[in-house]
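Data block below; observations after.
Residue numbers (this note's numbering): 7 to 174.
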């Protein structure tokens, strides 16, 4: 390499005013900008974005099927169908707050996310165990949902401890 090429390593001949990626890399090695967000939590949330609508639609379809095939008590069937709609709102809010709290490394959204996750866990348990008629497919569908939710609870608990430790 000639001496001229070594001195202009940060610029290109076509665009001399624009620095290359070599010059834009951060040179600071301080620990004050420690990353606390949780990649496993983000993966669980991403997967749940696609899995929960599937659970909701299939559960609604199964409820319609059970409404035609089985004899429900007068108030049980409408209650089980109606419970799907608040569950959808809780789940959407929960996933949004999980994303927000994890990406911004902010503790209040993560705490609300954990509280809503417990409510969503109860909803999964209801549709898996406590509804009037439980099919084997209900058990499988909601068991997979519970695996996601328990994973999110564990990783969000780790995230809370990391955020609390890095805040000090």
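Note that beta-carbon positions come from the ideal geometry of N, C-alpha and C, so glycine has one too. Because the structure is a prediction, the values reported are computed rather than measured.
Presumed contact (8 Å Cβ cut-off) between residue i and residue j, rounded CB distance
i: residue 79; j: residue 162; result: Actually they do not touch by this definition, with Cβ atoms about 37 Å apart.
i: residue 127; j: residue 152; result: 7 Å
i: residue 103; j: residue 119; result: 4 Å
i: residue 130; j: residue 164; result: Going by Cβ atoms, the distance from residue 130 to residue 164 rounds to 21 Å, so no, they are not a contact pair.
Residue i classed as buried or exposed, judged by whether at least 16 other C-beta atoms fall within 10 angstroms
i: residue 82; result: exposed
i: residue 100; result: buried
i: residue 95; result: exposed
i: residue 44; result: buried
i: residue 75; result: exposed
i: residue 64; result: exposed
i: residue 52; result: exposed
i: residue 58; result: buried
i: residue 40; result: exposed
i: residue 133; result: buried
Which listed residue (the options) has its alpha carbon closest to that of residue i
i: residue 42; options: 156, 132, 113 and 124; result: 113
i: residue 62; options: 90, 174 and 84; result: 90
i: residue 46; options: 174, 160, 98 and 136; result: 160
i: residue 124; options: 97, 173 and 54; result: 97
Contact with chain C by residue i, beta-carbon distance below 7 Å
i: residue 143; result: The chain labelled as chain C is not found in the depicted structure, where only one protein chain is given.
At least three beta-carbon pairs within less than 8 Å, the segment 141-151 to the segment 63-77: yes
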